[in-house]
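Q: Note that the numbering used here numbers the sequence shown so that position 20 is 564, with each residue one more than the last.
Below are the structure tokens for one structure; questions will follow.
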Amino acid sequence: MKISSAEFVMSNSDVAKCPKDPFPEYAFIGRSNVGKSSLINMLTNRKSLAKTSGRPGKTQLINHFVINKKWFLVDLPGYGYARVSKSSKKVFQRFITDYFKNRKQLISAFILVDSRHEPQKIDLEFMEWMGINNIPFSIIFTKADKLSKNKLTPQIEAYKKSMLQFWEEMPNYFITSSTSNLGKDEILNYIEEINSQP
Ligand code: GTP
Ligand code: MG
């Protein structure tokens, strides 16, 4: 799919105030610093459409971007960031879970995990919560450029193996790097295919 336009629409902490357009929507979620905002920039060929930072906790709101004037990408705050206070962490979690439970336009989420890390409890719990709430998702392994090919493949295989302890099947997944554009075409084609269904 060719990206001919990508524009920021608005930021919200309340799902009820999110854009009303009945566009298909895809949301990026995962631990703080995993690379959600960078991936949005990579997919849209825009250097700083979504704000990124080397320090976790950069994205703090629900951010809508309209792509080709036809569908939404949503950048969400990370979970599991220890340095925000407990009370604000709860507020984050509340509006993120409200978003997922109530956003009618949402077609699918992408749950990002760092390809260098073993499965993390917080990600597995979040996936379980998505499953219980019947919210479709794919997994995106990020920062693949930080691993050699020799290490990447066994790492993904090990991740799959541990997922299969909880899931009947490995969810749909993508391997990406925002620095090398790895996975870009696969994700955009996947979205295009869904968007073209009646
Ligand atoms: P929060 O908004 O804080 O939840 O973080 P985020 O998940 O949006 O992460 P962000 O995109 O801001 O990236 C965090 C850091 O990881 C930044 O320093 C990025 O440059 C770096 N980063 C993101 N993706 C990649 C990648 O694919 N490869 C490499 N090498 N670095 C990456
Ligand atoms: Mg971010």
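Don't be surprised by glycine CBs; every beta carbon is placed ideally from N, CA and C.
From the DSSP output, in three-state form, read off Thr-588 for me.
A: helix
Q: Tell me, please, which residues DSSP counts as bridged to Glu-569.
A: Phe-616 and Leu-650
Q: Whose C-alpha, out of Lys-690, Asp-558 and Ile-738, is nearest the C-alpha of Phe-644?
A: Asp-558
Q: With distances taken Cα to Cα, identify the nearest neighbour of Leu-726 among Lys-602, Lys-687 and Ser-740.
A: Lys-687
Q: For ligand 2, I want to know if Asp-619 counts as a neighbour, meaning its beta carbon is within less than 7 Å of at least one of the ligand's heavy atoms.
A: yes
Q: Quick one: what's got a C-beta closer than 7 Å to Lys-564's C-beta in the same chain, skipping five residues either side?
A: A distance below 7 Å between beta-carbons, with the five flanking residues on each side excluded, links Lys-564 to no residue of its chain.
Q: Mapping the DSSP letters down to three states, classify Glu-712 as helix, strand or coil.
A: In the structure shown, Glu-712 adopts coil according to DSSP, grouped into three states.
Q: Comparing the CB of Asp-689 with every heavy atom of ligand 1, is any distance shorter than 7 Å?
A: Yes; taking the cut-off as 7 Å, the Cβ of Asp-689 has a heavy atom of ligand 1 nearer than that.
Q: Between Thr-588 and ligand 1, is the CB less than 7 Å from at least one heavy atom?
A: no
Q: Buried or exposed for Lys-580, going by 16 or more other Cβ atoms inside 10 Å?
A: buried
Q: CA-CA distance, Trp-711 and Asp-619?
A: 26 Å
Q: My output table needs one value for Thr-641: the three-state DSSP class, helix, strand or coil.
A: helix
Q: DSSP three-state call for Asn-739: helix, strand or coil?
A: Three-state DSSP puts Asn-739 in a helix.
Q: Taking only the alpha-carbon atoms, compute the straight-line gap between Tyr-570 and Ser-652 and give it to the nearest angstrom.
A: 5 Å
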